[in-house]
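The structure under discussion appears below in the form of structure tokens.
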Amino acid sequence: MQADLLSPAQFAHTAHLLQQHSPLVHCMTNDVVQTFTANVLLALGASPAMVIDAGEAGQFSAIASALLINVGTLTQPRAQAMRAAVESANRAGTPWALDPVAVGALTLRSDFCRELVQMAPAAIRGNASEIMALAGESQGGRGVDTTDTAAAALPAAQKLARASGAIVAVTGEVDYITDGERTLAVNGGSPLMTRVVGTGCALSAVVAASCALPGDRLLNVAGACAVMKRAGQIAAQGRGPGSFVPAFLDALYVMHGEVAA
Amino acid sequence: MQADLLSPAQFAHTAHLLQQHSPLVHCMTNDVVQTFTANVLLALGASPAMVIDAGEAGQFSAIASALLINVGTLTQPRAQAMRAAVESANRAGTPWALDPVAVGALTLRSDFCRELVQMAPAAIRGNASEIMALAGESQGGRGVDTTDTAAAALPAAQKLARASGAIVAVTGEVDYITDGERTLAVNGGSPLMTRVVGTGCALSAVVAASCALPGDRLLNVAGACAVMKRAGQIAAQGRGPGSFVPAFLDALYVMHGEVAA
Amino acid sequence: MQADLLSPAQFAHTAHLLQQHSPLVHCMTNDVVQTFTANVLLALGASPAMVIDAGEAGQFSAIASALLINVGTLTQPRAQAMRAAVESANRAGTPWALDPVAVGALTLRSDFCRELVQMAPAAIRGNASEIMALAGESQGGRGVDTTDTAAAALPAAQKLARASGAIVAVTGEVDYITDGERTLAVNGGSPLMTRVVGTGCALSAVVAASCALPGDRLLNVAGACAVMKRAGQIAAQGRGPGSFVPAFLDALYVMHGEVAA
Chain E
24 MQADLLSPAQ
34 FAHTAHLLQQ
44 HSPLVHCMTN
54 DVVQTFTANV
64 LLALGASPAM
74 VIDAGEAGQF
84 SAIASALLIN
94 VGTLTQPRAQ
104 AMRAAVESAN
114 RAGTPWALDP
124 VAVGALTLRS
134 DFCRELVQMA
144 PAAIRGNASE
154 IMALAGESQG
164 GRGVDTTDTA
174 AAALPAAQKL
184 ARASGAIVAV
194 TGEVDYITDG
204 ERTLAVNGGS
214 PLMTRVVGTG
224 CALSAVVAAS
234 CALPGDRLLN
244 VAGACAVMKR
254 AGQIAAQGRG
264 PGSFVPAFLD
274 ALYVMHGEVA
284 A
Chain P
24 MQADLLSPAQ
34 FAHTAHLLQQ
44 HSPLVHCMTN
54 DVVQTFTANV
64 LLALGASPAM
74 VIDAGEAGQF
84 SAIASALLIN
94 VGTLTQPRAQ
104 AMRAAVESAN
114 RAGTPWALDP
124 VAVGALTLRS
134 DFCRELVQMA
144 PAAIRGNASE
154 IMALAGESQG
164 GRGVDTTDTA
174 AAALPAAQKL
184 ARASGAIVAV
194 TGEVDYITDG
204 ERTLAVNGGS
214 PLMTRVVGTG
224 CALSAVVAAS
234 CALPGDRLLN
244 VAGACAVMKR
254 AGQIAAQGRG
264 PGSFVPAFLD
274 ALYVMHGEVA
284 A
Chain Y
24 MQADLLSPAQ
34 FAHTAHLLQQ
44 HSPLVHCMTN
54 DVVQTFTANV
64 LLALGASPAM
74 VIDAGEAGQF
84 SAIASALLIN
94 VGTLTQPRAQ
104 AMRAAVESAN
114 RAGTPWALDP
124 VAVGALTLRS
134 DFCRELVQMA
144 PAAIRGNASE
154 IMALAGESQG
164 GRGVDTTDTA
174 AAALPAAQKL
184 ARASGAIVAV
194 TGEVDYITDG
204 ERTLAVNGGS
214 PLMTRVVGTG
224 CALSAVVAAS
234 CALPGDRLLN
244 VAGACAVMKR
254 AGQIAAQGRG
264 PGSFVPAFLD
274 ALYVMHGEVA
284 A
């Protein structure tokens, strides 16, 4: 299947919508990326909140604009809390996004992610190995790293989108975003983004936020990918991974005012 | 009730005391802000330690200079460990501070915070919605964001201070610090501080540290607020939220040597 | 016993090996330093992964290149997961490193660390107070801070190395690395490294990574210490603790290309 290149203007439009609507994003994410995820959402004008107790998570996902489920540091109690949050989100009509970190070889997260795919996620965001493993087509990558390219995973992403009803974003050097019928491609970014922890996980939080925006969800999710690729490109110029992080957040902070090139 | 403006010299005095006494602050705080909280305390010359097991937390709060309880990512096991730490702190005479993050609508933390208020905290630091909810006067804000101004919450803060015996700091564009009789106001800061996660939570850790200092606790807590507002003002100049964080920590690092304007 | 000064060229050699072999480091570490630890490993070209569920941790440590056990924010469930990971690592031949944070006065971690020392760690990295406490020669320091110098702890480190079979690194103003017979000393670094949370914990992750490299393990562990001291020295120049962190990661990122002075 062919992919259409996303309009270069979309990142500025999505950043504008995020700033304008300021979605409250309930993040149930892994221990490693919480600060960066929160700061990415804040820089974009969205509002993060991390609530993780099973009882409270169910209460909170019902009033949040969107919910993120990221299984990076999954434990049994967290899986239980995430399940409660998803069920409550579904009852309340809160859209939720899944980041199936390192799904494949590890049992707890793999079983849990397969269960979650059946629970009507609005979006799924992963790297090539994760999307292929979730679609049942491979065993996953090397830890959190991918061993495949996003293009190679595109058929798996399209299959997963049709099976789950979610928008599926398989991200890498080029990102592909699909609803199973239409497919968009997003260029840009920087290899430096793979030398900083949490850029993918934070993207998943922005994807969750974008599911709360008005308009075409496929475009909004692709726009979320474009926002991050654009900021990454700006921030990487002449920098190492340490100075990249502040520059990346600074770039996100002004993105709603950027004019598309 | 009237509030007196804190002397502009107080921030330098408090920073000097923190540097000189280097309080060992036992931080039981939320997952999102741990690194930033530790780095804020270290930049000021204080010494952070995060100990979270119920048994160890009770052992450690007895030997720490101060204890921080922040309920941002509360779970049942953490509530139990925090209770043990508070009880041990009280037996040992260690002052402790409460940050009632997002208290109001969420059941576990709301019940727990109401219990903690009865356990003789030395200080309570929250935003307007949190302080009003804790004083029983509203239902809390939108996640961790406040929907009220600090001035509107001042009567609730004063009531809470009298009921609990704690110094209560309700922070926002202007901070108010009260013991229920006297009230001090602190100006400064920057709106950018609301676009970076953890500035409020880290302030609560500095408030906890300030409760271990000699002298008037109301002044010390107000001084802790002034230290953070001053550093935020310096760091925000011409910066986005990403470059704000390193500049903020750099500003705190030299604050004990600053001469008040 | 005498210590030989490590060759100044070793840091560049170790950085080169890390870049070339890109070890996959399974980090079971404390809540406060996870992001920084991951970013340090990524900057050096290694690959971090945090997997903490007891079942998954056992699966993952068998396929990782190295495992890190850091007890900074230990709880009973985490101790159980760490035990499973170590047992699996030992069966699979995965080398693992121990960071006995604040061992001494706190019961859970002290009992657990004494148990771990019997389980054939490849390396142990701690400050003077921690190493002396683990060797049974003192009660530990003040929280995570040391109250002793590394030189004073050298006999304890040598004793611990002989008893455990591990390479022991006792770090401070000067680092000493010993296998119980040979001892190497590493100079450099900056006092600013003690005003930023996680430099010691991240070093332990690099030590774990270095245990997966080919060649003499004593030299590799000493090289890991030298890499961090060298980057710290570069990053500290004219900076405060906030701007130190990005500069430190930037320095690590180019270290494999540095020519030893």
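Protein chains in written order, with the working numbering: chain E, 24 to 284; chain P, 24 to 284; chain Y, 24 to 284. Every residue, glycine too, gets a C-beta built ideally from N, C-alpha and C. Just so it is clear, the structure is predicted and the values come from calculations on it, not from any experiment.
query: Inter-residue Cα distance where the pair is Y/ALA284 and Y/THR37; result: Caution applies to Y/ALA284, whose pLDDT of 47 falls short of 50 and renders its modelled position unreliable; the model cannot decide the point.
query: Among Y/TYR199, Y/SER266, Y/CYS234 and Y/GLY255, the one whose alpha carbon lies nearest that of Y/ALA26; result: Y/TYR199
query: Residues that Y/MET251 contacts on chain E, provided the C-beta gap is smaller than 7 Å; result: Ordered by position in chain E, no residue passes the 7 Å Cβ test against Y/MET251, which lies about 14 Å from the chain.
query: Close Cβ partners of Y/PRO144 (< 7 Å) along its chain, the five nearest in sequence each way excluded; result: TRP119, ALA120, LEU121, SER187 and ALA189
query: With 16 other Cβ atoms within 10 Å as the buried cut-off, status of E/LEU177; result: buried
query: Secondary structure of Y/ASP27, DSSP reduced to three states; result: strand
query: Same chain, Cβ closer than 8 Å to Y/VAL250, five either side skipped, listed in chain order; result: PHE34, THR37, ALA38, LEU41, LEU67, VAL229, LEU275 and MET278
query: Cβ-Cβ distance between E/LEU90 and E/ALA108 below 8 Å; result: yes
query: Contacting positions in the region 122–134 of chain P - beta carbon closer than 8 Å to chain E; result: ALA125, ALA128, LEU129, THR130, LEU131 and ARG132
query: Y/LEU28 versus Y/ARG148, Y/VAL48, Y/ALA85 and Y/VAL197, residue with shortest Cα-Cα distance; result: Y/VAL197
query: Chain-order list of residues whose beta-carbon lies under 7 Å from that of Y/SER227 (same chain, five-residue window excluded); result: LEU91, ASN93, ALA120, ASP122 and ARG148
query: Alpha carbon of E/PRO100 to alpha carbon of P/THR98, nearest angstrom; result: 10 Å
query: Short Cβ contact (8 Å threshold) for P/SER70 with P/THR117; result: no
query: Spatial distance of P/ILE75 from P/MET51 (CA atoms); result: 6 Å
query: Members of the region 46–80 of chain Y near chain P, C-beta cut-off 9 Å; result: ASN53, ASP54, VAL55, VAL56, GLN57, THR58 and PHE59
query: Rounded C-alpha distance that separates Y/GLU153 from Y/ARG137; result: 12 Å
query: 8 Å Cβ cutoff, P/PRO269 in contact with chain Y; result: yes
query: Interfacial residues, the region 224–256 of chain E to chain P, with Cβ spacing under 7 Å; result: none
query: Beta-carbon proximity check, E/ALA225 vs E/VAL126, cutoff 8 Å; result: no
query: Rounded Cβ spacing between E/ALA102 and E/PHE59 (contact assumed at less than 8 Å); result: No, E/ALA102 and E/PHE59 are not in contact; Cβ-Cβ is about 23 Å, not under 8 Å.
query: Expected contact under 8 Å - CB spacing of Y/ARG253 and Y/GLY211 to nearest Å; result: 6 Å
query: Option in Y/THR96, Y/VAL220, Y/GLY159 and Y/ARG205 with minimal Cα separation from P/LEU272; result: Y/VAL220
query: Environment of P/PRO214 [buried if 16+ CB atoms lie within 10 Å]; result: exposed
query: Three-state secondary structure (DSSP) of E/ASN210; result: coil
query: Min CB distance P/GLY286 to chain E below 8 Å; result: Limits of chain P in this structure are 24 at one end and 284 at the other, which puts residue 286 of chain P out of reach.
query: Start-to-end residues for the beta strand (DSSP E) that takes in E/ALA48; result: Reading off the sequence shown, one finds Val at residue 48 of chain E, where the question assumed Ala. Here the beta strand (DSSP E) through E/VAL48 covers 47–51.
query: Y/GLY95, buried or exposed, once every other Cβ within 10 Å from all chains shown has been counted against 16; result: buried
query: Endpoints, beta strand (DSSP E) assigned at P/SER70; result: 70–72
query: CA-to-CA distance, Y/GLN57 to E/SER266, given in whole angstroms; result: 18 Å
query: Cα-Cα separation between P/THR217 and P/GLN260, rounded to whole angstroms; result: 15 Å
query: Buried versus exposed call for Y/ASP54 [16 or more other C-beta atoms within 10 Å across all chains shown]; result: buried
query: Chain Y within 8 Å of E/GLN260, Cβ atoms only; result: no
query: Closest by C-alpha distance to Y/ARG114, when choosing among Y/VAL124, Y/THR130, Y/ALA87 and Y/SER133; result: Y/ALA87
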